[in-house]
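Have a look at the structure below, then the notes.
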Amino acid sequence: MMSSSSNPTFHPLAKTFHWLVAVLVFAVWPLGKVISFVRDDAKTGFYLWHESLGFLVLWFMLARLCVRFLTHTPGHAQVPRMQAWLADTVHWALYLALIAMPISGFLATNAHGFALKWFGVLPVWSPIGESPDIAPILSAIHYWLSWTILALVALHITGVLFHRVVLRDATLDRMT
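Convert by adding 10 to the 1-based position in the sequence shown; the result is the number in our numbering.
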């Protein structure tokens, strides 16, 4: 139930990475969805921003995971065990999806024969190179992870609203 620690909030770095990733996801996700509707002469710019910001999500998520393991994580509010389990499951699924998503996108880009040039400046090593046999598989994984993340974010926000509006507890204050 409640943490034995006197500090009921997340570490400031955990909060920072949480909100940076949240902002990036709300930027990267729509960029990825509109690329197919963009004129061909403008697609390169959309891809550059989508891939560069997505790669940033990967690094922020890896840093966030390190912070989570190295610092205090507050316990759950006084909630039923099933609710705590659901919150933990959604959080860990988000961590997994938000790490797997940029990796699958990066590898799909490589497999389709394109190297990532981060923000158009920094070339990123291509671990697999052009691989037409696996490119569609990686693209499909990336596509389905995008919808999985959307569903998980919806569950996460629903949980936040449930705590804020229905239970009127301080759960949201732990991350703000």
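All C-beta atoms, glycine included, are put in the ideal place defined by N, C-alpha and C.
If the five residues before and after ALA107 are omitted, its C-beta is found closer than 8 Å to the C-beta atoms of LEU155, THR158, ILE159 and LEU162, all from its own chain and listed in chain order. Listed in chain order, the non-local C-beta contacts of ILE144 below 6 Å within the same chain comprise ALA121, local neighbours out to five positions each way being set aside. In chain order, LEU117, ASN120 and ALA121 place their CB closer than 7 Å to the CB of ILE138, counting only its own chain and leaving out the 5 sequence neighbours on each side.
The beta-carbon distance between VAL31 and ARG78, rounded to whole angstroms, is 12 Å. This is too long to meet the 8 Å contact definition. Taking 8 Å as the cut-off, the beta carbon of PRO142 is found no closer than this to the beta carbon of GLY64. For LEU148 and PHE27, the gap between their C-alpha atoms comes out near 27 Å. In this chain, the alpha helix (DSSP H) harbouring ASP51 covers 50-80. For the set ALA180, HIS21, TYR153 and ASP51, the Cα lying nearest the Cα of LYS43 is the one of TYR153. Between the alpha carbons of ALA87 and ASP179 lies a gap of roughly 8 Å.
Within the segment 73-134, the runs of alpha helix (DSSP H) at least 4 residues long that lie entirely inside it are, in chain order, 91-121.
In the DSSP assignment, HIS21 falls outside any alpha helix (DSSP H), carrying neither H nor E. Scanning its chain for C-beta atoms nearer than 7 Å, with the 5 sequence neighbours on each side dropped, one finds around ALA110 the residues LEU155, in chain order.
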